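Notes for the one structure printed next.
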Amino acid sequence: MLKQAAAAAIGGALAVGCVPVVLNVMGFTGAGIAASSLAAKMMSAAAIANGGGVSAGSLVATLQSVGAAGLSTSSNILLGSVGSAFGAWLGGSKKTTTSPPDEPNAEEDQPRENVPQVEPPKPPLRSEDAEK
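The numbering of the sequence shown is our numbering, which starts it at 53 and goes up by one.
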């Protein structure tokens with residue numbers, strides 16, 4: 053239980069802490085979009101698709117806003133909750149290994165019925181009328 057709680061705390065902290073770092077690495081910085089970055093390529097593609105401008109509310113505009121101003125408190129709470137739930141789920145999962153039983157089952161000790169393993173007769177390859 054303690055392991056799961058620790059994993060939940062770590063998951064929440066990582067989720068909230070990693071978003072600004074990842075956005076900065078992508079090129080969505082506090083000073084704007086960094087030149088020759090993934091963010092610049094995304095902005096160029098969005099501008100070409102929209103006829104020269106980036107529309108408000110698009111993914112690029114939202115990421116630039118988050119990169120410049122950061123996430124709101126409610127977004128941080130939501131992100132931390134999801135990260136905590138994911139961390140708790142990972143912390144609670146156990147690796148299960150199946151090992152062979154020490155003793156054979158009682159069913160395996162019983163003799164089986166003697167059923168002959170005889171193949172059914174095969175049909176003739178040619179009909180008897182064709183030979184005559």
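From the three backbone atoms N, C-alpha and C, an ideal C-beta is built for every residue, glycine too. In this text, all values refer to a predicted model and were calculated from it rather than measured experimentally.
Where the alpha helix (DSSP H) through residue i begins and ends
i, result
"Gly-122", "That residue, Gly-122, is in no alpha helix (DSSP H); it is neither H nor E in DSSP."
Alpha carbon of residue i to alpha carbon of residue j, nearest angstrom
i, j, result
"Asn-76", "Gly-143", "29 Å"
"Phe-80", "Ser-89", "9 Å"
"Ala-60", "Ser-136", "4 Å"
"Ala-19", "Gly-82", "Because the chain in this structure spans residues 53 to 184, residue 19 falls outside the shown range and cannot be described."
"Gly-69", "Thr-125", "13 Å"
"Thr-114", "Ala-58", "32 Å"
"Ala-87", "Lys-93", "9 Å"
"Gly-105", "Asn-128", "29 Å"
"Gly-103", "Ser-145", "49 Å"
"Ile-100", "Met-53", "52 Å"
"Pro-176", "Asn-166", "30 Å"
"Arg-178", "Gln-169", "27 Å"
"Met-78", "Ser-107", "20 Å"
Residue nearest to residue i in terms of C-alpha spacing, selected from the options
i, options, result
"Gln-56", "Trp-141, Pro-176 and Val-170", "Trp-141"
For residue j and residue i, believed in contact at Cβ under 8 Å, the rounded distance
i, j, result
"Ile-62", "Gly-139", "6 Å"
"Ala-67", "Val-134", "6 Å"
"Gly-132", "Gly-64", "4 Å"
"Ser-110", "Ala-98", "6 Å"
"Val-73", "Leu-123", "Not confirmed; about 12 Å, so no contact."
Residue i CB to nearest heavy atom of the ligand NAD below 7 Å
i, result
"Gly-79", "For the structure depicted, the ligand NAD is absent and the ligand set is empty, with no information on it obtainable."
What are the uninterrupted segments assigned as alpha helix (DSSP H) that are 4 or more residues long and contained completely in the region 67-101, given in chain order?
Complete alpha helix (DSSP H) runs here, min 4: 90-101.
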